[in-house]
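Shown next, in structure tokens, is the structure this report addresses.
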Amino acid sequence: MTVLPTRRDEAFRYADIDALASVWSDLSPPQTIEIAAQQSLQQIWLPSGEDVQVRRVDLTLQAGASARIFALNAAARYGRIELDVTLHDAADFTFDAANIGGGSATLEIVTTVRHVEPSATSRQTVRSVLGGKATGSYLGKVAVSRGAEGTDSEQSVKAMLLDRGATANAKPELEIYADDVKCAHGATVGELDRNQLFYAAARGLDPASARALLLEGFVGGLWDGILGDDQGIADAARAALKAVVR
8 MTVLPTRRDE AFRYADIDAL ASVWSDLSPP QTIEIAAQQS LQQIWLPSGE DVQVRRVDLT
68 LQAGASARIF ALNAAARYGR IELDVTLHDA ADFTFDAANI GGGSATLEIV TTVRHVEPSA
128 TSRQTVRSVL GGKATGSYLG KVAVSRGAEG TDSEQSVKAM LLDRGATANA KPELEIYADD
188 VKCAHGATVG ELDRNQLFYA AARGLDPASA RALLLEGFVG GLWDGILGDD QGIADAARAA
248 LKAVVR
């Protein structure tokens, strides 16, 4: 990697280029993961604690393989997750992730999911909670190749803005070259419901606790599918929310 990207590159359209430049020379090629036929994988990605963090992964699922990835993107200055997934016959991929940040943080999730053979499924669910002047972005492309009939893919993107200076960007994209497929995407950006805040306050919660409770519900469902008792990501998300809620 020699040439630093610019915002003219669509994949870096919202990036903090100055922050990226501080780690660019140290970035290694994407981590390559291949899941053999009929095998399964679960991974939980937590923030490293560094102000600038970039995670890059190329993931291939062979026939009948499955993968579930749970990710929390909460770097203090710049966090970026790049994920390129290739799905073979009847593979199944699930990605549940959250951007949580305040101050002037820039948080990005950029995914490409390639359905190259028939009957594969993919589910992507991304939630963002943004305060201060933080920016959270999701750029997600689903590419369905010729011959990949029976593809079933969904993208669900929602963002919650806590302050007027916060910004959410969402760009779900479909590129379909096959018939008989089921692909859907949706994106919404909003604020906390005032009626729900009033309801919580009427039951004795102070404003900050009420906001934290509602936001925990907004994000917490992402972790319901974790197999086993590893809830470290739920605790980390709760701590990140506490840091941005005032």
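Every number in my numbering is 7 more than the matching position in the sequence shown, counting from 1. From the three backbone atoms N, C-alpha and C, an ideal C-beta is built for every residue, glycine too. Note that the structure is a prediction, hence the values are computed from the model and not measured.
Discussion item. Counting beta carbon pairs with one atom in the segment 24-41 and one in the segment 225-238, are three or more of them shorter than 8 Å?
Written reply: With the rule of 3 Cβ pairs closer than 8 Å, the segment 225-238 does not count as touching the segment 24-41.
Worksheet item: G143 lies in the beta strand (DSSP E); which residues open and close that run?
Response: By one-based count along the sequence shown, residue 143 stands at place 136. 142-151 is the span of the beta strand (DSSP E), which, as asked, contains G143.
Discussion item. Could you tell me the alpha carbon to alpha carbon distance between N106 and L199, rounded to whole angstroms?
Written reply: Taking the first residue of the sequence shown as position 1, residue 106 is located at position 99. Taking the first residue of the sequence shown as position 1, residue 199 is located at position 192. One Cα belongs to N106, the other to L199, and the distance between them is close to 16 Å.
Discussion item. If we require 3 or more residues per run, which beta strand (DSSP E) segments fall completely within the segment 83-165?
Written reply: If you keep only unbroken beta strand (DSSP E) runs of at least 3 residues inside the segment 83-165, you get 85-94, 99-108, 113-122, 128-137, 142-151.
Item to complete: Compare the beta carbon distance of V64 and R87 with 8 Å and say whether it is the shorter of the two.
Response: For the purposes of this step, residue 64 is taken as residue 57 along the sequence shown, with counting starting at 1. For the purposes of this step, residue 87 is taken as residue 80 along the sequence shown, with counting starting at 1. Against a cut-off of 8 Å, the Cβ pair of R87 and V64 comes out as no contact.
Fill in: Beta-bridge pairing of E57 - partner residues as DSSP gives them
The residue labelled residue 57 in the question sits at position 50 within the sequence shown. In the DSSP secondary-structure assignment, E57 is not bridged to any residue.
Worksheet item: From V92 to L221, what distance separates their C-alpha atoms?
Response: For the purposes of this step, residue 92 is identified with residue 85 of the sequence shown, where counting begins at 1. For the purposes of this step, residue 221 is identified with residue 214 of the sequence shown, where counting begins at 1. V92 and L221: Cα-Cα distance of roughly 32 Å.
Worksheet entry | Nearest-angstrom Cα separation, counted from D186 out to V196 | On the sequence shown, position 189 is the one that residue 196 refers to. On the sequence shown, position 179 is the one that residue 186 refers to. Straight-line Cα distance between these residues: approximately 31 Å.
Worksheet item: Residues in its own chain within less than 7 Å of Q50 by CB, not counting five upstream and five downstream?
Response: Here residue 50 refers to the residue found at position 43 of the sequence shown. Hits under 7 Å: I76.
Worksheet entry | Reference H122, options V151, D237, E161, closest by Cα | Residue 122 sits at position 115 when you count from the first residue of the sequence shown. When each option's Cα is compared against that of H122, the closest is V151.
Discussion item. Please classify R171 as buried or exposed, where buried requires at least 16 other C-beta atoms within 10 Å of its C-beta.
Written reply: Working through the sequence shown from its first residue, we reach residue 171 at position 164. Note on R171: under 16 other CB atoms within 10 angstroms of its CB, so exposed under the neighbour-count rule.
Worksheet item: Taking the alpha-carbon positions, what's the R153 to A127 distance?
Response: To locate residue 153, count along the sequence shown from 1; it is residue 146. To locate residue 127, count along the sequence shown from 1; it is residue 120. Each residue's Cα considered, the two are about 13 Å apart.
Discussion item. Could you check whether L79 and A247 sit closer than 8 Å to each other, using their CB atoms as the reference points?
Written reply: Here residue 247 refers to the residue found at position 240 when the sequence shown is read from its first residue. Here residue 79 refers to the residue found at position 72 when the sequence shown is read from its first residue. A contact, by the Cβ cut-off of 8 Å.
Item to complete: Measure the Cβ-Cβ separation of I240 and L68 and say whether it is below 8 Å.
Response: Translated into positions along the sequence shown, residue 240 becomes position 233. Translated into positions along the sequence shown, residue 68 becomes position 61. Contact flag unset, no.
Fill in: Reduced DSSP category for R20 - H, G, I as helix; E, B as strand; rest coil
Reading the sequence shown from its first residue, position 13 is the one you call residue 20. R20 falls in the coil class under three-state DSSP.
Fill in: Cut-off 6 Å between Cβ atoms - residues of its own chain near S73, not counting five sequence neighbours on either side
In the sequence shown, counting from the first residue as 1, residue 73 sits at position 66. Excluding residues within five positions, the ones whose Cβ falls inside 6 Å are S47, D99.
Practice prompt. Count the other CB atoms, across all protein chains shown, that sit within 10 Å of the CB of E57; report buried if there are 16 or more and exposed otherwise.
Written response: By 1-based counting over the sequence shown, the position of residue 57 is 50. Per the 10 Å Cβ criterion, exposed.
Worksheet item: Under a Cβ-count criterion, where at least 16 other Cβ atoms within 10 Å of its own Cβ denotes burial, should L90 be classed as buried or exposed?
Response: One-based indexing of the sequence shown puts residue 90 at position 83. Burial state of L90 is buried, judged by a 10 Å Cβ sphere holding 16 or more other Cβ atoms.
Worksheet entry | CB contact flag (K148, E180, <8 Å) | The residue given as residue 148 occupies position 141 in the sequence shown. The residue given as residue 180 occupies position 173 in the sequence shown. The answer is yes: Cβ separation under 8 Å.
Fill in: Distance between beta carbons of V136 and Y145, contact taken as under 8 Å
Locating residue 145 in the sequence shown gives position 138, where the first residue counts as 1. Locating residue 136 in the sequence shown gives position 129, where the first residue counts as 1. The C-beta distance from Y145 to V136 rounds to 13 Å, too long to meet the 8 Å contact threshold.
Item to complete: Output the distance between the C-alpha atoms of A191 and A43, rounded to the nearest integer angstrom.
Response: One-based indexing of the sequence shown puts residue 191 at position 184. One-based indexing of the sequence shown puts residue 43 at position 36. Rounded to the nearest angstrom, the two C-alpha atoms are 27 Å apart.
Worksheet item: Closest by CA to I183, which one among A22, A217, G157, S111?
Response: Residue mapping note: residue 183 aligns to position 176 of the sequence shown, counting from 1. With distances taken between Cα atoms, I183 lies closest to G157.
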